[in-house]
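Here the structure comes first, spelled out in structure tokens, and everything after it is commentary.
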Amino acid sequence: MGESCIIMVIQDITELRKAIETVKEQNAFLNAIFDSEPHCVKVVALDGNLIQMNRAGLAMLEIESLESVREHGLLEFIAPQYRKLFTEFHRSICSGRSGKLEFPVTGAKGTNRWLETHATPLRDAGGRIVALLGVTRDITEKKQRDALIWKQANYDLLTELPNRYMLHDRLEQEIKRAHLDEEMLAVFFIDLDRFKEVNDTLGHQSGDILLMDAAERITGCVRASDTVARLGGDEFTVILSQHDMNHVEKIAQDILDRLAEPFLIGDDRIYVSASIGITLYPSDAGDVEQLLKNADQAMYAAKNAGRNRFSYFTSSLQEMAQSRLRLLKDLRKCLEENQFRLHFQPIVELSTGRIVKAEALLRWDHPERGMISPMEFIPLAEETGLILPIGDWVFREAVKWATLWTRKYPHLMVGVNMSPLQFQNAEKNIETWLDHIQKQGVSGRNIVIEITEGLLLDADVTVTEKL
């Protein structure tokens, strides 16, 4: 028998072990870099399964391990309405494109976040796409800032109703829809009556409370699909779609009734009312600007008719509005062109037959229209603020004639009617009137300032001090 033996082959694997250790160290180094990245970094297989995700990604999804993601799948964390979009995005990257996508997710603990991912295909040495690499960051705060900026740009901060900008967009969309469906559209222009009195008497804080309450009342009279907007101040607009005329009038009356109910502000019961102008698409106009102008004109017609009512736009209102604009344009230059005239009405003392007073009456000698009644242009002057320079002209002209007449008739008084706005305007300094009287050398006894009772009833501190 032969003797048994052991054959051994000995190989020096020192270099191999070193190589393995080096690879492990490199992997550990790469993993450390991978996990130190503040954004989510993930590698996804072509079939959508997750291959790798760093700690930042796990934290975004509020999970502890990759197995949890693999068990549920990435789509489970994405908002349902965005899953189809995410799948299409994944398919696009698999085809060789790079891209970006924003989408909301809900973490395992219920936290909602907005994420933005940038993805690109990974290729092997042969150029084949073998996986996808995605880098995702949390953009929740950016989305919240953007949403806040958008809301401030499109909504009224006080009432949280759509503002003028959003109203234009809504009305434009409703016009397009009404055109396609061949339906009627109604636009309301609502102005609160006597709101300025509330603001001046109780202060802006009470005025703001009233506006918020009014917004709720108006909103409560229409459907959720209709639009209620605040244009500013005490002006609101309503867009009514898919209503017939009976419903339009009923809603208008409901709004009037609700706004006529008392507003409880602290211990005060405040009463206001509203004037509503109504215009219709397509019978009155076909574009946003003209519809709003028509509704505004109809609102003024309701206000002039006695307030607390609604009025429809008519072609005659359009003609009146155009005439009003022409009159306003002429009114702005009539002072420069010396078109105003003062006529004086004598007041006679019956017992003696003596003229004791001359009341100044303002007349406008228009170069084309002739004499225009103050009833026509004074309200316009008060609305636009032109009453202040006109009132000053009337006062100075009256003083000029008083100076002349009192030299011969020292007992004569000259009466001047003044608009309440001249006393209510905080910037108007009546000291200039007193200085002018002194410079002209006429006694204050000869000048009579005539005011309305309403000015005294509504007098605030500013008015009282001037009086």
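To get the numbering used here, take the position in the sequence shown, counting from 1, and add 131.
Glycine included, C-beta positions come from ideal geometry on N, C-alpha and C.
In this text the structure is predicted, and so the values were computed from the model without any measurement.
In the structure shown, residue 350 falls within a helical segment according to DSSP collapsed to helix, strand and coil. With a threshold of 16 other beta carbon atoms within 10 Å, residue 442 meets it and is buried.
Runs of the alpha helix (DSSP H) lying entirely within the stretch 304-377, each at least 4 residues long, are 326-333, 335-350 in chain order. With distances taken between CA atoms, residue 459 lies nearest to 517 out of 358, 271, 517.
Straight across, the Cα-Cα distance linking residue 229 with residue 222 is about 11 Å.
When DSSP assignments are scanned along the stretch 471-536, the uninterrupted stretches of beta strand (DSSP E) that are 3 or more residues long and fall wholly within it turn out to be 471-480, 485-497, 501-503. Between residue 444 and residue 415, the beta carbon gap of about 5 Å places them in contact (Cβ cut-off 8 Å). Non-local C-beta neighbours of residue 200 in its own chain, meaning closer than 7 Å and more than five positions away in sequence, comprise 181, 184, 192, 194, ordered along the chain. Counted as a single uninterrupted DSSP element, the beta strand (DSSP E) harbouring residue 184 occupies residues 181-184.
In this chain, residue 243 is not harboured by any alpha helix (DSSP H); it is covered by the beta strand (DSSP E) spanning 243-254. With contacts defined as CB atoms closer than 7 Å, residue 370 and residue 292 fail to qualify as a contacting pair. Per DSSP, the unbroken beta strand (DSSP E) holding residue 411 starts and ends at 404-412. Membership of residue 394 in any alpha helix (DSSP H) is not indicated; the residue belongs instead to the beta strand (DSSP E) covering 394-396.
When the Cα atoms are used, residue 306 and residue 419 turn out to be separated by approximately 8 Å. Under the three-pair Cβ rule at 8 Å, the stretch 270-280 does not count as touching the stretch 333-341. Distance from the Cα of residue 345 is smallest, within the candidate group 402, 474, 408, for 402.
Non-local beta-carbon contacts of residue 352 in its own chain, meaning distances under 7 Å to residues more than five positions away in sequence, involve 382, 385, 386, 389 in chain order.
Residue burial annotation: residue 361 is buried, with at least 16 other C-beta atoms found within 10 angstroms of its C-beta. Taking the CA atoms as reference points, residue 251 sits about 7 Å from residue 265. In this structure, residue 440 and residue 406 form a Cβ contact; the two beta carbons are roughly 7 Å apart against a cut-off of 8 Å. Assignment of residue 295 by DSSP, reduced to helix, strand and coil, places it in the helix class.
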